[in-house]
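Only one structure is covered here, and it is reproduced in the block below.
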Amino acid sequence: MPRDSEAPLPAGEASLPASEVSLRAGGTQLRAGETPFWAGRLPRLGILLAVVAVVLSFPSMAPSPYEITVGIAILNYAVLSTSWNFVGGFTGYISLGHGGFAGLGAYGTGLLVTKTELPPFAALFTAAVLVAAVAVPVGYAALRVRGASFVIVSIALVLILLLVFQSWSSFTGGSRGLVVPRPFPGMLRAEHHRTFYFLFAALLAAALLVWWIIDRSRFGMGLKAIREDEDKAQSLGTPTYTYKLVVFVVSAAFTSLAGGLYALWFGDLDPVFQFSILSGAYMVLMALLGGVRHLYGPVLGAVIVGYALEYSKVEFGDTPLHLVVAGLLLGVVVMFMPDGVIPAATALLDRFRKTGETSIREVTAAELRERRGQRNGTEEVRDSERSGSGSGTGTGSQT
Amino acid sequence: MPSASLVFQSVVLGVLLGGLYALLAAGLTLYFGVMRVVMIAHSAFLILAAYLAWYAHRETGVDPLLTLFVTVPLFFAAGVAMQRLLLTRLRPATLTMMSVLLTFSVALVIEGLLGYVFSGTQRRIRLDYSSAGFEFLGARIAAVKLIAFGMAALALLGLYALMKHSRFGQALRATIQHREAAQLLGIDTDRVAGYGFGLGLATAAVGGTALALDTTIYPSLHWHWIGPLMAIIVVGGLGSVPGAAIAAMTLGMLQSLLQLELSTTWAQTVFYVALFATLAFRPQGFFGGRLAQRF
Amino acid sequence: MSEAGAEAGPGPGARPEPEPSLATVGLIKAFGGVTALDSATVTFHHGKVNALIGPNGSGKTTFFNCVTGMIRADAGRITYRGRDITGKPPHRIARAGIGRSFQLCRVFPRMTVLDNLLAAVRPSGLAGQLAGAGKREETERARSWLARMGIEHLERAEARQLSWGQQKLLELAGVLMSEPELVLLDEPAGGVNPALIDRICELVRELNAEGRTFLIVEHNMDLVMSLSDHVVVFDRGRPIAQGPPSVIQSDERVLGAYLGV
Chain A
46 MPRDSEAPLP AGEASLPASE VSLRAGGTQL RAGETPFWAG RLPRLGILLA VVAVVLSFPS
106 MAPSPYEITV GIAILNYAVL STSWNFVGGF TGYISLGHGG FAGLGAYGTG LLVTKTELPP
166 FAALFTAAVL VAAVAVPVGY AALRVRGASF VIVSIALVLI LLLVFQSWSS FTGGSRGLVV
226 PRPFPGMLRA EHHRTFYFLF AALLAAALLV WWIIDRSRFG MGLKAIREDE DKAQSLGTPT
286 YTYKLVVFVV SAAFTSLAGG LYALWFGDLD PVFQFSILSG AYMVLMALLG GVRHLYGPVL
346 GAVIVGYALE YSKVEFGDTP LHLVVAGLLL GVVVMFMPDG VIPAATALLD RFRKTGETSI
406 REVTAAELRE RRGQRNGTEE VRDSERSGSG SGTGTGSQT
Chain B
1116 MPSASLVFQS VVLGVLLGGL YALLAAGLTL YFGVMRVVMI AHSAFLILAA YLAWYAHRET
1176 GVDPLLTLFV TVPLFFAAGV AMQRLLLTRL RPATLTMMSV LLTFSVALVI EGLLGYVFSG
1236 TQRRIRLDYS SAGFEFLGAR IAAVKLIAFG MAALALLGLY ALMKHSRFGQ ALRATIQHRE
1296 AAQLLGIDTD RVAGYGFGLG LATAAVGGTA LALDTTIYPS LHWHWIGPLM AIIVVGGLGS
1356 VPGAAIAAMT LGMLQSLLQL ELSTTWAQTV FYVALFATLA FRPQGFFGGR LAQRF
Chain C
13 MSEAGAEAGP GPGARPEPEP SLATVGLIKA FGGVTALDSA TVTFHHGKVN ALIGPNGSGK
73 TTFFNCVTGM IRADAGRITY RGRDITGKPP HRIARAGIGR SFQLCRVFPR MTVLDNLLAA
133 VRPSGLAGQL AGAGKREETE RARSWLARMG IEHLERAEAR QLSWGQQKLL ELAGVLMSEP
193 ELVLLDEPAG GVNPALIDRI CELVRELNAE GRTFLIVEHN MDLVMSLSDH VVVFDRGRPI
253 AQGPPSVIQS DERVLGAYLG V
């Protein structure tokens, strides 16, 4: 079975997030300015470079073009779920309709190439801009009211797009499908796959980079505050509606790029697959499974779910059972590990090496006054407080 | 320009269709009312009930209507179980979002199982009275459509009476309006919410049987229903049963009238246009305020 | 209006003529058939510790939610230091200098204590938005607020791990981090032990002395009477009395409202 040769990719990726977690603590310390900057970053950078090396060398290690297509499919899923995670991860708003943006990006690119004869990659980016423009009114309607109506709009978006693209066959090709000409006409099949593998990898890198920039920015802090408590965020002065809308549009644009690149690679579009609720659900599943709060969470989820999908397609063909499996998996994730496998795994680990440290304690007013007195002299209070935490605990005012 | 009789026929068909929409939207509204849950699997259960009716009819030849005696209690129990065993275990802070995913996953499982057991083939019940019909002021109405409407109307009336006049209905309404206050009144809101969920799912059983009478069914059909139904509950103002009923009738009729001029698929977009327009211009819904929860 | 500046505490309020802070004219809000605010016209004083009291259900929290833009009033006008803020969204009102706490203390549960404060930083411009959160100066400012609350040793803990009292202090620190001129506190002493109540009172006095105006909704009468300069009493959605604590304490209508006479 040539499939064995794929082991490096998932294994390499899977080992990453666990260490990512332990390094996160280093990251926060870093911000606190108490550890030298390289202490947290160096191992992290090493792992990142190793994974990048594995990802980039994968095409030359793959025994046949088939493995590369599996790699492309997984990368495509990774871009999609990372793009989804701009909304889902930062704001906590669950969109089931991102399949619609991917489909719009694919059809937008395909139609621009076929109807206006724009160069393929110009069409790709033009389509992304157009989809971003479409996302503005959609987001406007979806984000005005909180919670339930966002989900409803997101589902409705896919359903309406499916209706339109199936019915408007004179323009979209309808159910007959739309053939997108290859961007590199002279290229051999294997070379075509290899090229797109790297294009998808580059797009993934770009999506991850932007997610990372937002994650550590003040904008990202505001978005996360929305996820935690939207009223509270607003009362602290965060323009929550604008924030949500902006990140929604960014998310739609990246999703569109993934869809458009897929169109250029695959070359054949069918509305049923492009505007499928299921593809949106897969994005949610992947991101949730990997962990929406982590940069690499959706990528990890995409590797797991994407690999499983491609595997079962080969092994069991296309049966309705994949719906059952996807449904059960999604249900299990939602019920038992809504934060994804990374926190679930760390929680399990923590249970094994549980320290006796009781980290939080209540402080009495007398202690507070005392400490305030101390602070006037020196800034070292924090450490002395820590060491003295054995006494006077449990005066909790919790009622 | 379509003739007057054709328009009239469309109006009648729209009313008949609207009745079914209203019943199903009432179910969705119940879930939302008691739990703030958008129940995506509602229409999947609808199709499941239709399949059960079709299967019972094919295997034993019984009238599909008789399956109601099995499916209604069964779905009620399933609804209670779903609320108690699944939804109450979600974190309250993220309940709305996570419950959508959970019910979505239930819908996927149902669709997948239906496809696996019954295959993706389109199915339709053939009854002796399938082709029966009559003329009414120039409009031709199929008997099965009228039966389906009658079932929906009866179920909706029954639901209304239950909500309005029974002790349980009072408790349910109190729970919907103000959960904490209901608890202070000594109402076991968890249990009531469970029964509310059961009632909601029972509407899917009735609706599914009605649907099976005159519609071709296939496993993925539920996606064609959930969109319009969600649009209806938003237009009606989330949580308002009368609002949902009025929106269902209005939009059902509009859809039916638009079919005169447009294709069936284009006519369906009326729901989504209404949905977007509502959220953009009047997010609290058009009939009864948002969470107006009046009966 | 008889404002006795000498009445309470160490406020800076030796000024003879109180400058209006938050003020409403004819504020109305109904929920279904229930009128929560019934043409409420009130003025609070700039630079003072104001208190809003009243029996349960008298519309105090609704008033808070209306003036902070959380819910929209059906009618009426809200001004802050003469500027009309009626119908403005909550974040604009926050940026106008009004910060608030919530009735049941609300913090960002799964953020660290430090991030809870950094989330209150208001960046401006694209570059400001995309700049890394927790710049040195911001972090220092956040730490100093945490230190002032006495919870600086918890800065890396997740907020949900904190005790109730610590969360109350964290919420207050978060509000102060957003640099409000006027701080609205919704039951700051609710569910808090007596020692911590003293601490919170002390903080309010200090912060008031530094020039911040306070508006406090509170059930603890001892606290209200000892802390505030100006008290407004609500009953059935409208003010029935306003004045310094000494006057309010002996007002018959207030006693009536509380005792249900």
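Protein chains in written order, with the working numbering: chain A, 46 to 444; chain B, 1116 to 1410; chain C, 13 to 273.
Glycine residues also receive a C-beta, built at the ideal position from the N, C-alpha and C atoms.
Cβ neighbour criterion (16 or more within 10 Å) applied to residue i
i       : result
C:A48   : buried
C:S262  : exposed
A:F361  : exposed
A:E464  : An answer regarding residue 464 of chain A cannot be provided, because it is not within the stretch 46 to 444 covered by chain A.
A:V115  : buried
B:E1174 : exposed
A:S109  : exposed
B:Y1244 : exposed
B:L1132 : buried
C:G99   : exposed
B:H1280 : exposed
B:L1271 : buried
B:Q1237 : exposed
A:W129  : buried
A:L94   : exposed
B:A1247 : exposed
Expected contact under 8 Å - CB spacing of residue i and residue j to nearest Å
i       : j       : result
B:G1148 : B:F1312 : In fact, because the Cβ distance is near 10 Å, the residues do not count as touching under 8 Å.
A:A147  : A:G304  : 3 Å
C:G255  : C:V236  : At roughly 13 Å, the Cβ-Cβ gap does not stay under 8 Å, so C:G255 and C:V236 are not in contact.
B:A1320 : B:V1127 : Rounded, the Cβ-Cβ distance is 26 Å, inconsistent with contact.
C:L227  : C:M189  : So it is not a contact: roughly 19 Å between Cβ atoms.
B:F1386 : B:P1343 : 4 Å
B:V1153 : A:V196  : 6 Å
Residue-level contact to chain A via CB, residue i, 9 Å cutoff
i       : result
B:G1133 : no
C:L130  : yes
C:T53   : no
C:H242  : no
B:R1199 : no
B:R1151 : yes
C:D329  : Beyond the ends of chain C as shown, which are 13 and 273, falls residue 329 of chain C; an answer cannot be given.
B:F1283 : no
B:S1355 : no
B:I1341 : yes
Within-9 Å CB hit, residue i to chain B
i      : result
A:Q211 : yes
A:E402 : Residue placement at A:E402 cannot be trusted, given a pLDDT of 43 that sits under 50; what the coordinates show is reported in the next sentence. Closer than 9 Å: no.
A:P226 : no
A:I349 : no
A:P230 : no
A:L333 : yes
Min CB distance residue i to chain C below 9 Å
i      : result
A:Y286 : yes
Check your understanding: Listed in chain order, which residues of the segment 1378-1395 of chain B have Cβ atoms closer than 7 Å to some Cβ of chain A?
Key -> S1378, T1380, W1381, Q1383, T1384, Y1387, L1390, F1391, L1394 and A1395
Exercise for review: May I ask you to list, following chain order, the residues of the segment 252-283 of chain A that have a beta carbon less than 8 Å from some beta carbon of chain C?
Suggested key: I258, I259, R261, S262, R263, F264, G265, M266, G267, K269, A270, E273, D274, D276, K277, A278, Q279, S280, L281, G282 and T283
Point to revise | Near-chain B residues of the segment 128-144 of chain A (beta-carbon distance less than 8 Å), N- to C-terminal order | key: Within the segment 128-144 of chain A, those residues whose Cβ lies closer than 8 Å to any Cβ of chain B are, in chain order, G137, Y138, I139 and L141.
Review point. Do the segment 1360-1368 of chain B and the segment 1134-1142 of chain B meet, that is, are 3 or more Cβ pairs less than 8 Å apart?
Key: Using a Cβ-Cβ distance cut-off of 8 Å, the segment 1360-1368 of chain B and the segment 1134-1142 of chain B are in contact, since at least three pairs of beta carbons, one from each stretch, lie closer than that value.
Practice item. Answer yes if the segment 249-263 of chain A comes into contact with the segment 84-102 of chain C, meaning at least three C-beta pairs across the two stretches below 8 Å, and no otherwise. Key: no
Practice item. Check distances from the C-beta atoms of the segment 376-390 of chain A to those of chain B and list, in chain order, the residues that come in under 7 Å. Key: G376, V379, M380 and P383
Review point. On the three-pair Cβ rule with 8 Å, is the segment 375-392 of chain A touching the segment 337-353 of chain A?
Key: yes
Exercise for review: Give the residues from the segment 357-377 of chain A that approach chain B closer than 9 Å (Cβ to any Cβ), ordered along the chain.
Suggested key: Listed by position along the chain: T364, P365, L366, H367, L368, V369, V370, A371, G372, L373, L374, L375, G376 and V377.
**Study point:** the segment 109-121 of chain C / the segment 272-281 of chain A touching (three or more Cβ pairs under 8 Å)
**Key:** yes
Check your understanding: Given a limit of 7 Å on CB to CB distance, which residues of the segment 81-107 of chain C reach chain A?
Key -> Of all residues in the segment 81-107 of chain C, those with a C-beta nearer than 7 Å to a C-beta of chain A are M82, P102, H103, A106 and R107, reading in chain order.
**Study point:** Segment contact flag, the segment 270-277 of chain A with the segment 117-125 of chain A, C-beta cutoff 8 Å, min 3 pairs
**Key:** Contact fails: fewer than three Cβ-Cβ distances are below 8 Å.
Check your understanding: So does the segment 1331-1338 of chain B actually touch the segment 1378-1386 of chain B, counting three or more Cβ pairs closer than 8 Å?
Key -> no
Review point. Quick one, which residues of the segment 110-121 of chain A are near chain B if we go by CB-CB under 8 Å, in chain order?
Key: none
Exercise for review: Could you list the residues in the segment 191-224 of chain A with a C-beta less than 8 Å from some C-beta on chain B, going in chain order?
Suggested key: Answer in chain order: G192, A193, S194, V196, I197, V198, I200, A201, L204, I205, L208, V209, Q211 and S212.
Review point. Taking a cut of 8 Å between CB atoms, which residues from the segment 132-154 of chain C lie near chain A?
Key: A132, V133, R134, P135, G140, Q141, L142, A143, G144, A145, G146, R148 and T151
Review point. Is the segment 157-164 of chain C touching the segment 191-205 of chain C, taking contact as three or more C-beta pairs under 8 Å?
Key: no
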